[in-house]
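K.L.:
Numbering (my numbering), first residue to last: 1 to 250. I'd like to ask some things about the structure below.
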C-alpha cells in the first residue's frame with residue numbers, strides 16, 4: 001500500500017512538472033506583443049537587441065541588429081566555421097528588418113513590376129518568390145539572418161559557396177539554427193540556402209503567429225497596410241507564406 005502511495009505521489013509530481021513546463025511555454029508564446037510579431041517597432045531602441053557592429057560578426061553594412069541570444073550563438077558558429085575555413089566568407093548580409101524597412105522593399109518591387117504586370121495577384125506572387133509582405137517576414141523577429149549571399153547560384157555553383165552551405169547544413173543546427181525555407185516544401189517562398197533562423201526563439205514567434213491566424217486572423221490582417229494589400233487575397237497569402245516553412249523550424 002505504501003509503495004502504491006509513493007508511486008502515485010511520484011506520478012502526481014511528474015504530471016505537475018509537465019503541466020508547469022507546458023504552461024510556461026504557452027505563456028511565453030502569448031507574451032510576445034503583436035507589434036513585435038509584425039515588425040512594427042524600432043529594434044534600435046529595444047533592450048533585447050544588439051547592434052552587430054558591436055560584435056565580432058562580419059557584416060556587409062552598418063546598422064543591423066539581432067536579438068542578443070541569437071547574436072551570441074551566431075558568433076560561436078562563425079568562430080568555429082573560421083577555424084575550419086579561414087578563407088571562405090561568412091558574412092551577415094541581412095538581419096532584423098522591421099515593418100518600415102520591409103515596406104520599402106515591397107514598395108520598390110511592386111512599382112517595378114506594375115509596369116510589366118497588370119494583375120495585382122500576379123505582382124504579389126512574383127514578389128513573394130523571395131520577399132515577404134510587410135508584417136509577415138521572419139526577419140521582423142530578430143531571429144533570422146541571411147548569410148554571405150542571397151543567390152542560390154552561389155551556394156550551388158561557386159566552390160566557396162558549396163563548402164559554406166555544406167557546413168551550415170551540418171553544423172548550424174548545433175547552435176540552434178534551422179534553414180527556414182528548404183527544398184521540398186509545398187508552397188511558400190522559393191528555397192533560400194542563405195536564410196537561417198534561431199529556433200529556440202523563432203519557434204515561439206511562429207507558434208503565436210499561427211495561433212492568431214487560426215483563431216483571429218483579422219488581429220494581424222488589419223495591421224497590414226502596404227501597396228496592393230487591398231487588391232490581393234491577403235489572408236490566404238499570409239497564411240501560405242508565413243506557415244509554409246521547414247518543419248524543423250516549428
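Backbone N, C-alpha and C fix where the C-beta goes; we use that ideal spot for every residue, glycine too. The structure presented is a predicted model; accordingly, all values stated were derived computationally and were not measured.
In this structure, does DSSP put residue 180 in helix, strand or coil?
P.N.:
In the three-state DSSP reduction, residue 180 falls in the coil class, being neither helix nor strand.
K.L.:
Looking at the secondary structure, which residues open and close the beta strand (DSSP E) in which residue 146 lies?
P.N.:
144-147
K.L.:
Per DSSP, what kind of secondary structure is residue 73 in: helix, strand or coil?
P.N.:
DSSP places residue 73 in helix when its eight states are reduced to three.
K.L.:
Do you know offhand how far residue 179's Cα is from residue 243's?
P.N.:
14 Å
K.L.:
Does DSSP put residue 152 in a helix, in a strand, or in coil?
P.N.:
helix
K.L.:
What residue range does the alpha helix (DSSP H) around residue 112 cover?
P.N.:
99-113
K.L.:
In three-state DSSP terms, what is residue 47?
P.N.:
DSSP, read as helix, strand or coil, puts residue 47 in coil.
K.L.:
So which of 143, 55, 101 has the shortest CA-CA distance to residue 131?
P.N.:
101
K.L.:
Express the C-alpha separation of residue 134 and residue 105 in angstroms, rounding to a whole number.
P.N.:
9 Å
K.L.:
So the beta strand (DSSP E) residue 169 belongs to, where does it begin and stop?
P.N.:
Per DSSP, residue 169 belongs to no beta strand (DSSP E); it is in the alpha helix (DSSP H), 159-171.
K.L.:
Return the CA-CA distance between residue 127 and residue 75, expressed in angstroms with no decimal places.
P.N.:
31 Å
K.L.:
If you draw a straight line from the alpha carbon of residue 144 to that of residue 138, how long is it in whole angstroms?
P.N.:
6 Å
K.L.:
Need the endpoints of the alpha helix (DSSP H) that residue 237 sits in, please.
P.N.:
234-243
K.L.:
Just to confirm my understanding: we take residue 162, look at its own chain, exclude 5 residues before and 5 after, and list those with CB closer than 8 Å. What are they?
P.N.:
155, 156
K.L.:
Could you check which residue in 52, 173, 136, 241 has the C-alpha nearest to that of residue 35?
P.N.:
136
K.L.:
Tell me whether residue 208 sits in a helix, a strand or coil according to DSSP, three-state version.
P.N.:
Residue state, collapsed to three classes: helix.
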